[in-house]
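K.L.:
Before I ask anything, let me first share the structure, which is written out below as structure tokens.
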Amino acid sequence: MTVETGLPAPDFLLPDDQGAMLSLKPFRGTPVILYFF
71 MTVETGLPAP
81 DFLLPDDQGA
91 MLSLKPFRGT
101 PVILYFF
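Residue numbers (my numbering): 71 to 107.
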């Protein structure tokens, strides 16, 4: 997946550290920092 700087990130689903699935959709219009480790 390629994302251009300055454009909104596409919606995707990822599991959190508890196994619950998280989506970016509920955060639209809100600044979000994604930290991958």
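Don't be surprised by glycine CBs; every beta carbon is placed ideally from N, CA and C.
The structure displayed is predicted, hence computed values, not measured ones.
(1) Taking the straight line between their C-alpha atoms, what separation do you get for Gly76 and Gln88?
(2) Can you look up Pro80 in the DSSP assignment and give me helix, strand or coil?
(3) Locate the beta strand (DSSP E) running through Met91, then write down its first and last residues.
(4) Assign Pro85 to one of three DSSP states: helix, strand, or coil.
P.N.:
Straight from the coordinates:
(1) In the sequence shown, residue 76 corresponds to position 6, counting from 1. In the sequence shown, residue 88 corresponds to position 18, counting from 1. Between the alpha carbons of Gly76 and Gln88 lies a distance of about 30 Å.
(2) Counting from one through the sequence shown, the residue named residue 80 turns up at place 10. Taken through DSSP and simplified to helix, strand or coil, Pro80 comes out as coil.
(3) Translated into the one-based positions of the sequence shown, residue 91 becomes position 21. Per DSSP, the unbroken beta strand (DSSP E) holding Met91 starts and ends at Met91 to Ser93.
(4) Walking along the sequence shown from the start, residue 85 turns up at place 15. Pro85 falls in the strand class under three-state DSSP.
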